Amino acid sequence: MQHEITQAPRIALVGASGWLGRYIGPALLRAGVTEPKRFGAVNRSGPSDAYAGFDGIEWVGALKDLSQTPDVVILSLRPHEFRTARFHCPDALVISVMAGVTVEELRAHTGSQRLLRALPNALAEVGQSYSPWLATPGVSADERALCQAILRGIGREAEVPDEVALDVLTTLSGAGPAFAALLAQALIEAGKNAGLSAAVAQGAAENLICGAAHLMAGKVGTAPAIVQSFLDYDGVIAAALRAAQDAGFEQAVQAAVDAGLTRVQAMTSEG
787 MQHEITQAPR
797 IALVGASGWL
807 GRYIGPALLR
817 AGVTEPKRFG
827 AVNRSGPSDA
837 YAGFDGIEWV
847 GALKDLSQTP
857 DVVILSLRPH
867 EFRTARFHCP
877 DALVISVMAG
887 VTVEELRAHT
897 GSQRLLRALP
907 NALAEVGQSY
917 SPWLATPGVS
927 ADERALCQAI
937 LRGIGREAEV
947 PDEVALDVLT
957 TLSGAGPAFA
967 ALLAQALIEA
977 GKNAGLSAAV
987 AQGAAENLIC
997 GAAHLMAGKV
1007 GTAPAIVQSF
1017 LDYDGVIAAA
1027 LRAAQDAGFE
1037 QAVQAAVDAG
1047 LTRVQAMTSE
1057 G
């Protein structure tokens, strides 16, 4: 049976004021995905300032306490919080933004056969998340479009073929600013070791990391050509790049992705 969406859906967001929920909820309301009076915010701490200006939201402490049965349930929790509770919503479209919680586990805990897994990252805060997602076969075209509208409120989205891809992307795109921060930290320390003050080293690292993001936007596919152009010029930066490669820079990144994949697979087995 295909589920058509003919009016603003009743959406419940579990973890509405949490790490991702406080960005997802306001974004979907701003985008008009649903109306405040048809939005249920579920958390243990009560109303959040993140939703200021949206009148009519129903705030409850548990999914079962909502006055209306939701059409869509978004689960934005830590995996252990999800696993120690039960969210029985067999008739709802369930959208999970939890890492390491599989479709099989979602089905067992919620009773729903219509499931979407998505993995936004911390850049949701500034509307720049890259959110891969997948849907089970029972999800209709309208429901897929609804998921895309929700995720586009916090950045870009991309459908992926399977949960293996989501596991890899948990580290690759789910890192948000983590790898950039690690590179910035290393650059700052290298600058200080070379005699720069902390302030100057920090300024240089910020310019490189943040400025390069603008230069690379829309051009990441040309990264190998960019690297090669510096190597061909054979100047100061070429010497630096070769030293990084010789020291195992690419192998270190591969090891990081492999370690993240191992960890997310361990999280999955915990369920």
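To convert, note that position 266 of the sequence shown is 1052 in the working numbering; the numbers rise steadily by one, no gaps. Glycine is no exception: its CB is placed at the ideal position from the N, C-alpha and C atoms. The model shown is predicted, which means the values in this text are computed figures rather than measured ones.
On a CA-only basis, which of Q1014, G941, L973, L879 is nearest G913? Give me that one, please.
-> That would be G941, whose Cα lies nearest to the Cα of G913.
Alpha-carbon to alpha-carbon, I995 and Y809 = Roughly 24 Å separates the two Cα atoms.
Have a look at A991 and A1042 and give me their C-alpha separation to the nearest angstrom.
-> If I take the Cα positions, the gap works out to 21 Å.
Which class does E891 belong to by DSSP, given the choice of helix, strand or coil?
-> DSSP, read as helix, strand or coil, puts E891 in helix.
May I ask you to report which of helix, strand or coil DSSP gives F1035?
-> The DSSP-derived three-state label of F1035 is helix.
Do G801 and S862 have their CB atoms nearer than 8 Å?
-> Yes. Within cutoff.
Check V925 in the structure and name its three-state DSSP category.
-> In the structure shown, V925 sits in coil (DSSP, three-state: anything other than H, G, I, E or B).
Which class does M1012 belong to by DSSP, given the choice of helix, strand or coil?
-> At residue 1012 the sequence reads Ile, which differs from the Met that was named. I1012 falls in the helix class under three-state DSSP.
Reference G839; option with closest CA among E929, W919, E821 | Out of E929, W919, E821, E821 has the C-alpha closest to the C-alpha of G839.
Looking at the unbroken alpha helix (DSSP H) that takes in G989, where does it start and where does it end?
-> Where G989 is concerned, the enclosing alpha helix (DSSP H) stretches over 984-1002.
When you compare only the Cα positions, how much space is there between N993 and A1009?
-> The alpha-carbon atoms of N993 and A1009 are separated by roughly 19 Å.
Throw me the rounded Cβ distance for the C933 and A910 pair, which I believe falls under 8 Å.
-> Cβ-Cβ separation between C933 and A910: approximately 15 Å, too far for a contact (criterion under 8 Å).
Run the CB neighbour count on E943, radius 10 Å, all protein chains shown included, and call it buried at 16 or more, exposed below.
-> With 16 or more other Cβ atoms within 10 Å, it is buried.
Determine the burial state of F1035: buried for a count of at least 16 other Cβ atoms within 10 Å of its Cβ, exposed for fewer.
-> Classification for F1035: exposed.
Whose CA, out of R830, G804, L852, lies closest to the CA of R796?
-> Measuring from the Cα of R796, the nearest candidate turns out to be L852.
Simplified DSSP state of S917, which is helix, strand or coil | Note: S917 maps to strand in three-state DSSP.
Given a cut-off of 8 Å, decide if V925 and S898 are closer than it, judged by their beta-carbon atoms.
-> Going by C-beta atoms, S898 is not nearer than 8 Å to V925.
With F825 as the anchor, note down where its beta strand (DSSP E) starts and where it stops.
-> That run of the beta strand (DSSP E) goes 825-828.
In the DSSP assignment, find the unbroken beta strand (DSSP E) run with I797 in it and report its ends.
-> 797-800 is the extent of the beta strand (DSSP E) around I797.
Under a three-way DSSP split, which group does L879 fall into?
-> Residue state, collapsed to three classes: strand.
At a cut-off of 7 Å, is M884 close to the ligand SAM when judged by its beta-carbon and the heavy atoms of the ligand?
-> With respect to the ligand SAM, the structure shown offers nothing to examine, as it has no ligands at all.
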